[in-house]
Amino acid sequence: MDNLVKLEGGIPGFDNIINGFIDNNIRYYTIQFFKKTGADTFAPEGTGVLVHIFNVFCVFTASHVIENLEDKNLLYFRYGPEKYISSSGIIRVSDYKISKNHPDIAYIILEKEVIEQLGKIGLKFLKQNKVLPFHKGLQVTQYAIYGFPTDFVKIENDIMINGGNLFIGPMANDKPYTYYNYSKDTHFIMPYTNPRNISTNEKTETRPIYGMSGSGLWFISVTKILDEYTYDYHLIGIMNEFKTHGKYQIIVGNKINLITDQLFADISES
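If you're matching positions, the sequence shown starts at 16 in my numbering and goes up one per residue.
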């Protein structure tokens, strides 16, 4: 990431660049979990990011999204209008209940059948070189969160259609880290701003956000070579908490290296 540029003043059209990365890249790595609510009915439950790393195909998410999988409360992925497949595989969740600041991270190493079905509908797995560990947050508007709220659902011709939400913003200053006792070594905090409906690019009202836990936090980098700017995207975190009430309205996530380090250690021991 040589020649990295900080856009303190911003540049015209940068939001459109971020939207372009979401539409053309990031949304294909982002997947929605569903829970079974009846014999043939399902409801949205959370979000995850598909990643191919250390020669395994995974979904990264928050622990509280999938913590009950081991109790046979299965979650599913959708791979067609009325087609669902169990999100089965090797599961690892963190013991986030130790304290409110303990990492809330999880992964599933997916089974071959799941990988194949997701590929058939155009979903992709993020390559390892697009995962950026140990990123230090900047107070510049070069960060994006994309996921699926549970209430962004409409029914058309008896088919459930789910919309995505997009947050764009900077990292928070030190005050919410201090107030809520979060460490910058393990957590990212962004100010809560009104999310955008990705299909319309319009901001929505401020409200509690359910279902976006497990969303990816993406850094949109800007590189200047001579007089030309180039842009790129990297996964730097997984979001796990949306505080819409209290002294600070914030979005909280864990750094991606907490998941990748745990995954690498688990693979090395197996």
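Glycine is no exception: its CB is placed at the ideal position from the N, C-alpha and C atoms.
- Shortest Cα-Cα distance from L232 to any of I251, L278, V146 involves I251.
- Around the C-beta of Y194, fewer than 16 other C-beta atoms lie within 10 Å, and the residue is accordingly described as exposed.
- In the DSSP assignment, N269 is bridged to H202, I253.
- Of A121, K190, C73, R42, the smallest CA-CA separation from I81 is found for A121.
- For the pair F140 and G226, the CB atoms are not nearer than the 8 Å cut-off.
- A contact is defined here as three or more CB-CB pairs under 8 Å, and the stretch 106-114 fails this definition with respect to the stretch 31-39.
- For P191, the enclosing alpha helix (DSSP H) begins and ends at 189-195.
- Of the residues assessed, I240 falls on the exposed side of the cut-off, its CB having fewer than 16 other CB atoms within 10 angstroms.
- Across the set I123, I274, I266, L125, the C-alpha of I266 shows the shortest separation from the C-alpha of P185.
- DSSP places Q143 in the helix class (H, G or I) of the three-state scheme.
- Annotated three-state conformation of E60 is strand, per DSSP.
- Ranked by Cα distance from N180, the first of D189, K199, I160, N269 is I160.
- Across the set P206, K98, N116, the C-alpha of N116 shows the shortest separation from the C-alpha of S198.
- The distance from the Cβ of Y44 to that of V64 is about 6 Å, consistent with a contact at the 8 Å cut-off.
- Beta-bridge partners assigned by DSSP to G162: N180.
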